[in-house]
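Same order as they appear, the protein sequences are chains C and V.
Residue numbers 1 to 194, in this note's numbering, belong to the letters of the first sequence in order.
Residue numbers 1001 to 1158, in this note's numbering, belong to the letters of the second sequence in order.
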Amino acid sequence: MTFINYAAREINCKIVYYGPGLCGKTTNIQHIYEKTNPNAKGKLISLATETDRTLFFDFLPLDLGTIRGFRTRFHLYTVPGQVFYDASRKLILKGVDGVIFVADSQEARLEANIEAVKNLQANLKAQGYDIQKIPYILQLNKRDLASAVPIEMLLKHLRVKNEPYFEASAFKGVGVFDTLKAVAKLVLNDLKRT
Amino acid sequence: MYEEEFTKIQVILDKLRKEANAKFVFLVDKAGQQIASNGDMRDIDTTSLASLTAGNVAATDGLAKLIGEKEFSILFHEGEKDNIHISIVINRVILVVIFDERSSLGLVRLRVKKAHGDLSDVFKDVLEKSDQRAAGKGQAQSPFAEITDEDIDSLFSE
């Protein structure tokens, strides 16, 4: 639920990056952190293991400026992608306003992507959300790798509702902001209806 | 949340901080968004604090359910100098009190209990109002009804 504080004139939105292990969720957020004006960003918090695998979540607050006199803040979260952290993933979806699914384009990860999309739908449902209604964007990451499968194949298996999709290489910073902007648009447009 | 309730919450937090002799008091929702705060927080990154608190409460909630408890309504973290007392108000918002050796756990618990009653009343009002607003939809125009794509594009222009 978007938290609108009329007294302080602030809108706070929660965006969650979802996807299978090692698909590049944290890399997306790190790129945004590196490329954002220091005044507009908070601290990047990573609750990770010693081997840099996300343990609970990464968190990055972004201050995007004002819209209709309201300060617009986006809180970006990633979930841990590894299968056995499912309990944590479910918790992070609490209060989510928009979801970005980061798919790993490598052929070997196709199954893992499909599993993760299913897992996302189930976990959203457990928190009382419907993937058909929530602002949702698909990012096809790692397009720069030679082992990347054709886009059509990924879309055929991963798309759930004709959602907008973006090609990306989070490692090189390609498509990262396009994806974020697209989900921000969906979330803010959603506010019109509330 | 509107001005009237926001002011009431500020008053309750201010009273709690003074009576509990705490350094810093704040309220955050379960999704990690800060609602209000009180005290000298110049050296504290409150946004991160809010998000980690919500994560902490969510994880503890998960633990409670695993062992068949409804929730753990109070969490307490004890440090060398500073301590954090976390409690859940009407199952919706999280009240956080940070205090040092000038106060004590007993005093904080006592004052927090009192503040819970006051905060519950305010949040019940907020919920009622928001239900009424939802029921009478269309009467009060949302300030965001007019957001255009250009407005959104301008947020990303830098």
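Each residue gets a CB set at the ideal place from its N, CA and C atoms; glycine is no exception.
The structure presented is a predicted model; accordingly, all values stated were derived computationally and were not measured.
Among the CB atoms of chain C, one or more fall inside 8 Å of the CB of I1152 of chain V. For V102 of chain C, the number of other beta carbons within 10 angstroms of its own is at least 16, and it is reported as buried. DSSP places R73 of chain C within a strand segment (E or B) once states are collapsed to three. When secondary structure is reduced to three states using DSSP, E1071 of chain V falls in the coil class, being assigned neither helix nor strand.
With a beta-carbon spacing of about 10 Å, S1073 of chain V and I1094 of chain V fall beyond the 8 Å limit used to define contacts. Interface flag for R68 of chain C against chain V is set, since a Cβ pair is found closer than 8 Å.
Counting along the chain, S46 of chain C sits inside the beta strand (DSSP E) bounded by residues 45 to 48.
For G65 of chain C, the uninterrupted beta strand (DSSP E) segment begins and ends at 54 to 67. For K14 of chain C, the enclosing beta strand (DSSP E) covers residues 10 to 18. Distance from the Cα of I29 of chain C is smallest, within the candidate group C:G21, C:N39, C:S46, for C:S46. Three or more beta-carbon pairs drawn from the region 22 to 36 of chain C and the region 50 to 69 of chain C are found closer than 8 Å, and the two stretches are therefore classed as touching.
DSSP, reduced to helix, strand and coil, places I1147 of chain V outside both helices and strands of the structure shown, so it counts as coil. One thing to note: H1116 of chain V has its Cβ no nearer than 8 Å to the Cβ of V1097 of chain V. Judged by DSSP in its simplified three-state form, S1104 of chain V adopts coil rather than helix or strand.
Selection C:N123, C:I67, C:D130 evaluated against V83 of chain C yields C:N123 as nearest (Cα-Cα). For N1038 of chain V, the pairing in a beta bridge is given by DSSP as V:V1025.
Between L91 of chain C and A1058 of chain V, the gap from beta carbon to beta carbon is short of 8 Å. With fewer than 16 neighbouring CB atoms inside 10 Å of its own CB, R9 of chain C falls in the exposed class. Checking the DSSP bridge columns, you'll see I131 of chain C has no partner listed. For K185 of chain C, at least one C-beta of chain V is nearer than 8 Å to its own C-beta. Shown here, K172 of chain C sits in coil according to DSSP, grouped into three states, outside any helix or strand. Interface criterion not met: the Cβ of K1070 of chain V is under 8 Å from no Cβ in chain C. Around the beta-carbon of L1110 of chain V, fewer than 16 other beta-carbon atoms lie within 10 Å, marking it exposed.
At a cut-off of 8 Å between beta carbons, T72 of chain C contacts chain V. The alpha-carbon of L180 of chain C is positioned some 17 Å away from that of R143 of chain C. By the neighbour-count definition (other C-beta atoms within 10 Å, threshold 16), D58 of chain C is a buried residue.
The DSSP-derived three-state label of D104 of chain C is strand.
D1082 of chain V and G1032 of chain V have their C-alpha atoms roughly 22 Å apart. Spanning the alpha carbons of E50 of chain C and V1112 of chain V requires a straight line of approximately 37 Å. For the set C:N113, C:Q127, C:A146, C:G98, the Cα lying nearest the Cα of V183 of chain C is the one of C:G98.
According to the DSSP secondary-structure assignment, F3 of chain C is paired through a beta bridge with C:N12. Contact check between the region 152 to 159 of chain C and the region 105 to 116 of chain C: three or more CB pairs, one atom from each, fall below 8 Å, which counts as touching. Taking a Cβ-Cβ cut-off of 8 Å, N119 of chain C has no neighbours in chain V, whose nearest Cβ is about 16 Å from it.
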